[in-house]
Amino acid sequence: MGWWSRFKALMPRAPRKGEHGIEPEELKYVRGTSSLPQPHTLPLFGIKIPAYSHPRTQAIMLGTILFMTVGMYNVITFLGGAGQQTQKLSDMANIALYTVFSTFCFIAPACLNYFGLQWTLCFGGFGYAAYAASLWCYNHTGNVPFVIFGGCWCGLSAAFLWCAEGTAITAYATEEKKGLYVSIFWTIFQSGVVIGAAMPVGQNWHSGMKNGSRVNDGTYIGLFALMVAGAGLGLCVYPWYFIVREDGTRVLLLQDQQKTFREEIMSSVRVCKRNWWFVFFCPMCWAVNYYVIYQNNDFNGVYFTVRGRALNTFLSGAVQLFAPWILNLFTDKLPFKRRKRAFWAGVYVFVAFNALWIGGYFIMKKTKYGLNEEQRIDVYDDGYGIACFVFVMYGFMDATYNCYCYWFMGALSNNTDELSVYASLYRLLNAACQIAGYALDLSGYSKEFMFGTAWAVRRSIP
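So this note's numbering is basically just the index in the sequence shown, starting at one, shifted up by 837.
Below is the structure:
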């Protein structure tokens, strides 16, 4: 037996129709959902705890995996310039990251459906650890090519991780609870930013005047360890072909036979052709993360001391815990049909975003490049409070907009083949937009240009 055969033998395989005493799926739908195993809870001190196989538990696990991988990566990003003295290194690494990311988004749905959720999540987490390790190395060696390599590896992994996450979180929920599941996932995911950001706050509180505003080794080492653990946790998720939603329907239908990788690729192509109208959602996908470049590199990274940047990141992550639950009031709780709920949620996002950027304009006018550490705004300086508030609200709107997009995608379909394609296209356009944004920032375009283009991209959407 060759190495590939041994590897495939270790991979979890979905049971086929009629295998292991499982009824054909179509018979279960004819007879109703009563023959399907219902999600159950376990009583503990009078509280009903969802079982491990319950879709809500799996949503929590998904959030935890991204908590420990992407959440820790966001801590590095939000420190401005990846925690280094200048954003040039960060821009180069991120251009490489998002170029590779956008390339592999094309095959990520097929890989997810072929290799399964567990292996895709595991592989998708390790690239983030490689990126943190490359920055740790750079602190001692100044090895720029290794940082670029770390960015490329992170981009490769991220394409698979985000495809798996987006597909699973939108597939686990029933129609009336899409917003709830997105909120559960996003709250736990963002908790990673809060907890991860607490490390730089403590470790760099006195370092702003001592190390040239560069983040110390302990930050990168701690984030690296959490990222590796998060990648390993991907193997612990419950196989999604055994998960039953809260209404008794399966997350993944049983297959007559295992598809080959080529068949998975062709299946993704057919989904794109059949659902061509998804192009109307593309502008929203494009606009999601463009403004983050201005927020981190042209505001947080140049306006605040390293101590201020670390505290800003911590507070921004904390506020993002509440954003999806406020949005959930519009997406799930309004007493309207889904189309009208989508409209009013979109109105809320539009009004809140533009109000924030009007306030952000006045802070942007005060921002200057080339400030030394003594000239930057510190946590004890006058004016820090309002500038910090604007940065924190940028994070709040980031969470709101992303959760609205996830809810919108989940409302389009319950089919995992289709959702995997939607999730990959969503992240593909995110990545393409960020490639353009980081290239502009690296080329030296002014903060006014970056601020104005970010506002222009987002103000007309949704």
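No residue lacks a Cβ here, since even glycine has one placed at the ideal position from N, Cα and C. Predicted, not measured: the structure shown is a model, and the values here were computed from it.
Close-in-space but distant-in-sequence residues of the same chain around residue i (CB under 7 Å, 5 per side omitted)
i, result
"C948", "T957, F997"
"N1267", "C1122, V1125, N1126"
"F1079", "S890"
"R1178", "F1167, T1168, L1171"
"N911", "V1030"
"N980", "C974"
"I902", "L958, G962, G1067, L1070, G1071"
"L1060", "M909, V912, I913, A969, G1033"
"C1119", "L1266"
"Y1140", "T1204, R1213, I1214, A1224"
Opening and closing residue of the beta strand (DSSP E) in which residue i lies
i, result
"P887", "884–887"
Proximal residues to residue i (C-beta, below 6 Å), its chain only, five neighbours per side dropped
i, result
"F1288", "Y1131, M1201"
"A1008", "V1088, T1253, L1256"
"C1073", "none"
"C1225", "N1149"
"T870", "Reliability fails at T870, whose pLDDT of 40 lies under 50, so the model's placement of it is uncertain and the value that follows must be treated cautiously. Correct list, in chain order: G1085."
"A1155", "V1031"
"G1197", "V1227"
"C1240", "V1019, W1023, P1161, L1164"
"V1065", "A966"
Bounding residues of the alpha helix (DSSP H) (the contiguous stretch that carries residue i)
i, result
"C1073", "C1073 -> no alpha helix (DSSP H), and no H or E assigned at all."
"P1172", "Segment: none, P1172 is in no alpha helix (DSSP H) and carries neither H nor E."
"I897", "892–905"
"V1125", "Careful: V1125 lies outside any alpha helix (DSSP H) and carries neither H nor E."
"I1223", "1221–1249"
"Y1282", "Here Y1282 belongs to no alpha helix (DSSP H), and DSSP marks it neither H nor E."
"I1006", "981–1009"
"G1085", "Here G1085 belongs to no alpha helix (DSSP H), and DSSP marks it neither H nor E."
"T957", "954–978"
"F1151", "1143–1157"
"I1163", "1160–1165"
Residue i classed as buried or exposed, judged by whether at least 16 other C-beta atoms fall within 10 angstroms
i, result
"E1002", "buried"
"Q1271", "buried"
"W1114", "exposed"
"T978", "exposed"
"M909", "buried"
"P946", "buried"
"R1176", "exposed"
"F882", "exposed"
"Y1217", "exposed"
"T894", "buried"
"Q1027", "buried"
"G987", "buried"
"A1293", "exposed"
"T1237", "buried"
"G1199", "Sequence check: residue 1199 is Phe here, not Gly. Exposed, since its Cβ has fewer than 16 Cβ neighbours within 10 Å."
"K1284", "buried"
"V907", "buried"
"G1222", "exposed"
"M905", "buried"
"G1016", "buried"
"I1025", "buried"
"V1108", "buried"
Option in the options with minimal Cα separation from residue i
i, options, result
"G900", "I1021, L972, F1136", "I1021"
"V1143", "A1034, G1196, A933, L1063", "A1034"
"T1086", "C1242, A1010, N1137", "A1010"
"F1117", "G1274, Y1259, A967, I897", "Y1259"
"D1219", "V1294, F983, D1054, G1145", "G1145"
"S1162", "L926, K1014, Y951", "The residue asked about is misnamed: residue 1162 is Trp in this sequence, not Ser. Comparing Cα positions, the closest option is K1014."
"K1174", "Y1140, F1199, G1232, A1248", "A1248"
"A1276", "W999, G992, T878, T936", "T936"
"V1186", "M1064, C1242, A1273", "C1242"
"I985", "A930, L1017, L954", "A930"
"Q955", "M898, F1159, I1195", "M898"
"E1083", "W1194, I932, F1159, E1012", "E1012"
"Y1057", "V1184, S971, I884", "S971"
"I932", "T1004, A1273, G1281", "A1273"
"I944", "F983, W1077, V1106", "V1106"
"G953", "W1077, P982, I884, A1062", "W1077"
For residue j and residue i, believed in contact at Cβ under 8 Å, the rounded distance
i, j, result
"N1134", "D1278", "6 Å"
"S994", "G964", "3 Å"
"C942", "S1250", "That pair is no contact at about 18 Å."
"P1153", "V1229", "Sequence inspection shows Ser at residue 1153; the Pro mentioned does not correspond to that position. So it is a contact: roughly 5 Å between Cβ atoms."
"L934", "C1000", "Going by Cβ atoms, the distance from L934 to C1000 rounds to 16 Å, so no, they are not a contact pair."
"N1112", "D1054", "Going by Cβ atoms, the distance from N1112 to D1054 rounds to 48 Å, so no, they are not a contact pair."
"Y1231", "M1246", "With 8 Å as the limit, Y1231 and M1246 do not qualify as a contact, their Cβ atoms being about 23 Å apart."
"P892", "T878", "Between T878 and P892 the Cβ distance is about 12 Å, and since that is not below 8 Å, they are no contact."
"A1182", "I1006", "Going by Cβ atoms, the distance from A1182 to I1006 rounds to 17 Å, so no, they are not a contact pair."
"Y1128", "A1269", "Not confirmed; about 15 Å, so no contact."
Residues near residue i in its chain [Cβ-Cβ closer than 8 Å; skip 5 each side]
i, result
"G858", "Reliability fails at G858, whose pLDDT of 43 lies under 50, so the model's placement of it is uncertain and the value that follows must be treated cautiously. No residues qualify anywhere along the chain."
Residue-level contact to chain B via CB, residue i, 8 Å cutoff
i, result
"S1257", "The chain labelled as chain B is not found in the depicted structure, where only one protein chain is given."
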